[in-house]
Ligand code: SF4
Ligand code: SF4
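Numbering (this note's numbering), first residue to last: 7 to 180.
Here's what the structure looks like:
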């Protein structure tokens, strides 16, 4: 026995629905409501007035890298390659050289980080046994017009300072 098919008459949209006029007017009223409210007082805007207003960077946030130094300004890094070995993006390249100041045997003579490859995972910071590499610069905007602008050299890494007080960084558990 075949199934009984019940055909329902198509209801269709009413004239009011087909015109969309009321919905368009309601939509425009919302748009202009926001427009004039923000024009008169923009304190409630959900956007940040960047770059005039910079975002607050929390201490645990991973920004552009830097290499830390001893109090006398010499590099802490001993070229142990732990960060390079642990980097999942393979974007750290270190060349070790002999250290002549007697602190350790080795130091980096070349240390580059390719920011175009970096995934900002922070493994390099975690892997470093000497707290020699950090991502506490608070730098979130890195711009350049050529590929080489995004490759940090040893001098760049040493020249950048941390954005936080030492006790805040330590307290932040980074
Ligand atoms: S943050 Fe991650 S990807 Fe970037 S250099 Fe460090 S280990 Fe490599
Ligand atoms: S930054 Fe740290 S982990 Fe990387 S080579 Fe230097 S001492 Fe080793």
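Ideal Cβ placement from N, Cα and C applies to all residues, glycine included.
Do you know whose CA, among the options, lies nearest residue i's CA?
{"i": "residue 144", "options": "119, 61, 177", "result": "61"}
{"i": "residue 64", "options": "146, 95, 127", "result": "146"}
{"i": "residue 161", "options": "73, 127, 134", "result": "73"}
{"i": "residue 132", "options": "37, 66, 12", "result": "66"}
{"i": "residue 77", "options": "37, 175, 109, 101", "result": "109"}
{"i": "residue 170", "options": "163, 178, 164", "result": "178"}
Is the beta carbon of residue j closer than 9 Å to that of residue i?
{"i": "residue 93", "j": "residue 114", "result": "no"}
{"i": "residue 168", "j": "residue 151", "result": "no"}
{"i": "residue 122", "j": "residue 153", "result": "yes"}
{"i": "residue 116", "j": "residue 99", "result": "yes"}
{"i": "residue 136", "j": "residue 86", "result": "yes"}
{"i": "residue 30", "j": "residue 71", "result": "no"}
{"i": "residue 125", "j": "residue 95", "result": "yes"}
Assign residue i to buried or exposed, taking buried as 16 or more other Cβ atoms, counted over all protein chains shown, within 10 Å of its Cβ.
{"i": "residue 81", "result": "buried"}
{"i": "residue 184", "result": "The structure shown does not extend to residue 184, since the chain spans only 7 to 180, so no value can be given for it."}
{"i": "residue 88", "result": "buried"}
{"i": "residue 138", "result": "buried"}
{"i": "residue 158", "result": "buried"}
{"i": "residue 166", "result": "buried"}
{"i": "residue 140", "result": "buried"}
{"i": "residue 27", "result": "exposed"}
{"i": "residue 164", "result": "buried"}
For a test of your reading of the model: does the CB of residue i fall under 8 Å from any non-hydrogen atom of ligand 2? Yes or no.
{"i": "residue 164", "result": "no"}
{"i": "residue 89", "result": "yes"}
{"i": "residue 160", "result": "no"}
{"i": "residue 85", "result": "yes"}
{"i": "residue 127", "result": "no"}
{"i": "residue 98", "result": "yes"}
{"i": "residue 134", "result": "yes"}
Examine ligand 1 and report whether any of its heavy atoms sits within less than 8 Å of the Cβ of residue i.
{"i": "residue 148", "result": "no"}
{"i": "residue 94", "result": "yes"}
{"i": "residue 68", "result": "yes"}
{"i": "residue 23", "result": "no"}
{"i": "residue 145", "result": "no"}
{"i": "residue 131", "result": "yes"}
{"i": "residue 71", "result": "yes"}
{"i": "residue 34", "result": "no"}
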